[in-house]
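Quick mapping for you: the protein sequence lines, in order, are chains A and Y. Under my numbering, the letters of the first sequence match residues 3 to 321, in that order. Under my numbering, the letters of the second sequence match residues 3 to 321, in that order. Yeah, the Cβ is synthetic: ideal placement off N, Cα and C, and Gly gets one too. Structure first, then comments.
Protein chains: 2
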Amino acid sequence: MSSEFEVLEMLRRKFSLEKIGDDCAVLPKDSETDLVITADMLVEDIDFRLEWAKPEFIGHKALAVSLSDIAAMGADPTWAMLSIAVPEHLWDTKFIEKFYRGWHKLAKIHKVELVGGDISRSPDNLVIDSIVAGEVPKGAAVLRSTAKPGDGIFVTGELGGAAAGLKILDDWGWYNPDLPREKLQLVEKQLKPIPHVSIGKLLRKNALVSAMIDLSDGLSSDIHHLCRSSGVGAKIYVRKLPVDANLTAVIKSPAERLELALNGGEDFELLFTAPKKYFSSLESTLFYRIGEITPNVGTIELMVRGETRILPPRGYRHF
Amino acid sequence: MSSEFEVLEMLRRKFSLEKIGDDCAVLPKDSETDLVITADMLVEDIDFRLEWAKPEFIGHKALAVSLSDIAAMGADPTWAMLSIAVPEHLWDTKFIEKFYRGWHKLAKIHKVELVGGDISRSPDNLVIDSIVAGEVPKGAAVLRSTAKPGDGIFVTGELGGAAAGLKILDDWGWYNPDLPREKLQLVEKQLKPIPHVSIGKLLRKNALVSAMIDLSDGLSSDIHHLCRSSGVGAKIYVRKLPVDANLTAVIKSPAERLELALNGGEDFELLFTAPKKYFSSLESTLFYRIGEITPNVGTIELMVRGETRILPPRGYRHF
């Protein structure tokens, strides 16, 4: 069965959709500014479960995933639209209001104005389409397609936490605020991800990065997306991967922890590449250098204790 | 049970959403141009049925409903985004490709470029979110909120056809190309509406109109939306209503035909108001003058053979 990615590739080819393929589309706004824009569809029982999350969390996440795409372009979010199809059993409850409250709280932090959208009834599941637009100086948007061999590969934070949170929710069946601290942090990493808007902007402003993508599908898939767009390959060092520190508290097997860090989706950290001259300043701040870009087009090598393995794109965002 | 409109009103009030309430949001683009943008969510079994329509028709309609909103602002469509949640049983069929083909054919006519969107799986129904942006000279977008007492009320075409088409589809159960001509035209009015982009632009360019909205929910509801936004009332003359000529072939009762013209949704004609000095030139071209704006805030009077009745907002877009 074909993946979302393959269907998109088919459409892009058949209908020559040139603007599609990065975290956001980049469109000219005025003589000094480009508009970047993204849409993310979240479907109940594919992307989230109602019983797991408070409505406020779902509203937060709907905006956060799109803000993360804006962050990956190094852009400043400005306005948003929100379309929701709401099932009958939630229609006259406080659900919609609480959902918007969660959305709105995050929007205020990032000064995003809600300018439009649609509300419809749904015969079955809750479906949300989150659209966010941002601005970036003309020509300065950071793309996926501009990584060069020799560049270092960096991530902005720890990996695997959101996927571990998903496992905990799946075992537990609901969001339990009385879980031990480590588990709660993992669950909140899944339910209330933090989009790295300021970090994305900072990296773009200081012209430190050569390419960027957000980690929504999981490292193994997202590094493939970036490499395919850039026409390059990559080498990832397992010993350098910042596996989420909370994972040790809940997952005994080191192999399983590594699996989550490599393939677990929805951490919404930024994955970026940078030329050698910036390595030390980037490492001395917040960022983890996990590998390097190679000229082996489309091949992702995983370095495990001196051995080289091939890393297939096994990321998952949907459960 | 509260309506979509009431939920939207609640959110607008609670979260002070000033940009929401017209066919499109109007946003500054550059020193000479405004950006207008709209989102429409179409849900299977609420807005359409798969068994009624070829995938191409659903793609066409998804774009057409949003283009109609752009038309109602007098704007020029420029780019679009499309998010779809696709049920398992359609995923590996040709459905998605055919759907996009219908979308793309209409997009080419209006020179609309697809710049982004999302594709997701859906555990149940097909859900589509259609986003279209357009451009209009700064400050020139035609709003709902600027009708004045004394203005005439006009529609760009015949009414009730799309709703009659819906009835035929409901009786027949599928799109049958061998139906008699009148019925087929009604069915196609429902399945393949024509957005009046050129007409909207023409009216705006010649500065003939004082306010405009597209007839998506049905005349009785949409005239209420326009009057509420403008802080006015309206008087509609039944004898002047252009009831779709094909209705006589399929609906015997004149009262039922009138009911469809007043409350039937999805004709996607434009409803606009214009000052008296333009009446003759507007009537001598294509447009039907069906009534006039009054100072009776929020009251819509229906004039039937010299009698005055109150017209409640009974439009329906969803079946």
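Cα separation between Gly154 of chain Y and Ser212 of chain A?
Taking the second sequence and counting its residues from 1, one reaches residue 154 of chain Y at position 152. Taking the first sequence and counting its residues from 1, one reaches residue 212 of chain A at position 210. About 59 Å.
Could you give the distance in angstroms between the alpha-carbon of Pro125 of chain Y and the alpha-carbon of Cys229 of chain Y?
Walking along the second sequence from the start, residue 125 of chain Y turns up at place 123. Walking along the second sequence from the start, residue 229 of chain Y turns up at place 227. Distance between the alpha carbons of Pro125 of chain Y and Cys229 of chain Y: 41 Å.
So within the stretch 81 to 143 of chain Y, which uninterrupted beta strand (DSSP E) runs reach at least 3 residues, ignoring any that extend past its ends?
DSSP runs (the beta strand (DSSP E)) wholly in the stretch 81 to 143 of chain Y: 115 to 124 and 129 to 139.
Using a C-beta to C-beta distance shorter than 8 Å, which residues of chain Y count as neighbours of Ala87 of chain A?
Taking the first residue of the first sequence as 1, we reach residue 87 of chain A at position 85. Result: Met43, Val45, Ile48 and Val129.
When the distance is taken between beta carbons, is Ser122 of chain Y closer than 8 Å to Glu294 of chain A?
To locate residue 294 of chain A, count along the first sequence from 1; it is residue 292. To locate residue 122 of chain Y, count along the second sequence from 1; it is residue 120. Not closer than 8 Å, so no.
Where are the alpha helix (DSSP H) runs, 4 residues long or more, that stay fully inside the stretch 241 to 279 of chain A, in chain order?
For the stretch 241 to 279 of chain A, whole alpha helix (DSSP H) runs of length 4 or above, ordered along the chain, are 249 to 252 and 256 to 265.
Using a Cβ-Cβ cut-off of less than 8 Å, list which residues of the stretch 109 to 134 of chain Y approach chain A; keep chain order.
Listed in sequence order: Glu115, Leu116, Val117, Gly118, Gly119, Asp120, Ile121, Ser122, Arg123, Ser124, Pro125, Asp126, Asn127, Val129, Asp131 and Ile133.
Give the C-beta separation of Ser218 of chain A and Phe274 of chain A to the nearest angstrom, bearing in mind that I take them to be a contact with Cβ-Cβ under 8 Å.
What you label residue 218 of chain A is simply residue 216 of the first sequence in a count that begins at 1. What you label residue 274 of chain A is simply residue 272 of the first sequence in a count that begins at 1. The Cβ separation is near 14 Å, so there is no contact.
What residues match up with Asp47 of chain Y in a beta bridge as DSSP calls it?
Taking the first residue of the second sequence as position 1, residue 47 of chain Y is located at position 45. According to DSSP, Asp47 of chain Y bridges with nothing at all.
Locate the alpha helix (DSSP H) running through Met12 of chain Y, then write down its first and last residues.
For the purposes of this step, residue 12 of chain Y is taken as the residue at position 10 of the second sequence. Glu6 to Lys16 is the span of the alpha helix (DSSP H), which, as asked, contains Met12 of chain Y.
If we define contact as Cβ-Cβ less than 8 Å, is Tyr239 of chain Y a contact residue for chain A?
What you label residue 239 of chain Y is simply residue 237 of the second sequence in a count that begins at 1. With 8 Å as the cut-off, Tyr239 of chain Y does not count as an interface residue toward chain A.
Using 8 Å as the limit for Cβ to Cβ distance, is Asp78 of chain A near chain Y?
Locating residue 78 of chain A in the first sequence gives position 76, where the first residue counts as 1. With 8 Å as the cut-off, Asp78 of chain A does not count as an interface residue toward chain Y.
What does Ala389 of chain A reach in chain Y if we use C-beta pairs closer than 7 Å?
In the structure as shown, chain A begins at 3 and stops at 321. Residue 389 of chain A is therefore absent and cannot be evaluated.
Could you have a look at Leu37 of chain Y and say whether DSSP puts it in helix, strand or coil?
Position 35 of the second sequence, counted from the start, is the residue given in the question as residue 37 of chain Y. Correct three-state label for Leu37 of chain Y: strand.
Quick one: does His320 of chain Y have its CB under 8 Å from some CB of chain A?
On the second sequence, position 318 is the one that residue 320 of chain Y refers to. Because His320 of chain Y carries a pLDDT of 47, less than 50, the predicted location of this residue cannot be relied on, and the following value inherits that uncertainty. Closer than 8 Å to some Cβ of chain A, the Cβ of His320 of chain Y qualifies, so yes.
So which residues of chain A does Lys21 of chain Y contact, with C-beta pairs closer than 9 Å?
The count along the second sequence starts at 1 and reaches residue 21 of chain Y at position 19. By Cβ distance, chain A contributes Trp81, Glu115, Leu116, Val117 and Gly118.
Secondary structure at Lys63 of chain A, three-state DSSP: helix, strand or coil?
On the first sequence, residue 63 of chain A is found 61 positions in, with the first residue counted as 1. Helix, per DSSP.
In angstroms with no decimal places, state the Cα-to-Cα distance between Gly118 of chain Y and Leu69 of chain A.
As a first step, residue 118 of chain Y must be located in the second sequence, where it is residue number 116. As a first step, residue 69 of chain A must be located in the first sequence, where it is residue number 67. Each residue's Cα considered, the two are about 15 Å apart.
When you compare the CB of Thr40 of chain Y with every CB in chain A, is at least one pair closer than 8 Å?
In the second sequence, counting from the first residue as 1, residue 40 of chain Y sits at position 38. By this cut-off, Thr40 of chain Y is an interface position.
Between which two residues does the beta strand (DSSP E) harbouring Leu205 of chain Y extend?
Position 203 of the second sequence, counted from the first residue, corresponds to residue 205 of chain Y. First-last for Leu205 of chain Y: Val199 to Lys207, but that is the alpha helix (DSSP H), not the beta strand (DSSP E).
Return helix, strand or coil for Leu313 of chain Y, following the three-state DSSP convention.
The residue labelled residue 313 of chain Y in the question sits at position 311 within the second sequence. Correct three-state label for Leu313 of chain Y: coil.
So, does the stretch 128 to 135 of chain Y touch the stretch 68 to 83 of chain Y, judging by three or more C-beta pairs under 8 Å?
At 8 Å Cβ cutoff, the stretches touch.
Straight-line CA distance for Ser4 of chain A to Ile225 of chain Y?
Residue mapping note: residue 4 of chain A aligns to position 2 of the first sequence, counting from 1. Residue mapping note: residue 225 of chain Y aligns to position 223 of the second sequence, counting from 1. Approximately 47 Å between the Cα atoms of the pair.
At the 8 Å Cβ level, is Pro270 of chain A part of the contact set with chain Y, yes or no?
Taking the first sequence and counting its residues from 1, the one referred to as residue 270 of chain A is at position 268. It is worth fixing the name first, because residue 270 of chain A is Phe in this sequence and not Pro. Taking Cβ atoms only, chain Y never reaches closer than 8 Å to Phe270 of chain A, which makes this a no.
Quick one: give me the first and last residue of the beta strand (DSSP E) that Leu29 of chain Y is part of.
Working through the second sequence from its first residue, we reach residue 29 of chain Y at position 27. Here the beta strand (DSSP E) through Leu29 of chain Y covers Ala27 to Pro30.
Compare the C-beta of Ala4 of chain Y with all C-beta atoms of chain A and state if any pair is closer than 8 Å.
Start at 1 with the first residue of the second sequence, and residue 4 of chain Y comes out as number 2. One point to set straight first is that residue 4 of chain Y is Ser, not Ala, in the sequence displayed. Taking Cβ atoms only, chain A reaches closer than 8 Å to Ser4 of chain Y, which makes this a yes.
Interface residues of chain A around His106 of chain Y at Cβ under 8 Å?
Stepping through the second sequence from its first residue, residue 106 of chain Y is reached at position 104. The contacting residues are Phe17.
Name the DSSP beta bridge partners of Phe156 of chain A, please?
Position 154 of the first sequence, counted from the start, is the residue given in the question as residue 156 of chain A. DSSP output for Phe156 of chain A lists A:Phe274 and A:Arg291 as bridge partner(s).
Below 6 Å CB to CB, which residues in the same chain sit around His320 of chain A once its five sequence neighbours on both sides are set aside?
Residue 320 of chain A sits at position 318 when you count from the first residue of the first sequence. Residue confidence for His320 of chain A is low, a pLDDT of 47 falling below 50, so the modelled location carries little weight; the figure read from the coordinates is stated next. Result list for His320 of chain A: Ile48, in chain order.
Do Lys279 of chain A and the ligand FAD come close, with the Cβ less than 7 Å from some heavy atom?
The ligand FAD is not part of the structure shown, which contains no ligands of any sort.
Which same chain residues end up closer than 6 Å to Lys191 of chain Y when comparing Cβ atoms and leaving out the 5 residues on each side of it in sequence?
Counted from its first residue, the second sequence places residue 191 of chain Y at position 189. Around Lys191 of chain Y: Gly163, Ala164 and Gly167.
Listing by chain order, which chain A residues have their CB less than 8 Å from the CB of Leu10 of chain Y?
Here residue 10 of chain Y corresponds to residue number 8 of the second sequence, with the count starting at 1. Neighbours of Leu10 of chain Y on chain A, chain order: Ile121.
Tell me which residues share the same chain as Gly152 of chain A and place their Cβ nearer than 8 Å to its Cβ, disregarding the 5 neighbours each side in the sequence.
Start at 1 with the first residue of the first sequence, and residue 152 of chain A comes out as number 150. Cβ within range, chain order: Pro277, Lys278, Glu294 and Ile295.
Does Lys56 of chain Y come within less than 8 Å of chain A when only Cβ atoms are used?
The residue given as residue 56 of chain Y occupies position 54 in the second sequence. Not an interface residue.
Name the two residues that bound the continuous beta strand (DSSP E) containing Ala213 of chain Y.
In the second sequence, counting from the first residue as 1, residue 213 of chain Y sits at position 211. First-last of the beta strand (DSSP E) with Ala213 of chain Y: Ala213 to Asp216.
Please compile the residues from chain Y whose C-beta is within a distance smaller than 9 Å of the C-beta of Leu98 of chain A.
Mapped onto the first sequence, residue 98 of chain A falls at position 96. According to the sequence shown, residue 98 of chain A is Ile rather than Leu. Going along chain Y in sequence order, the residues near Ile98 of chain A (Cβ under 9 Å) are Val9, Met12 and Leu13.
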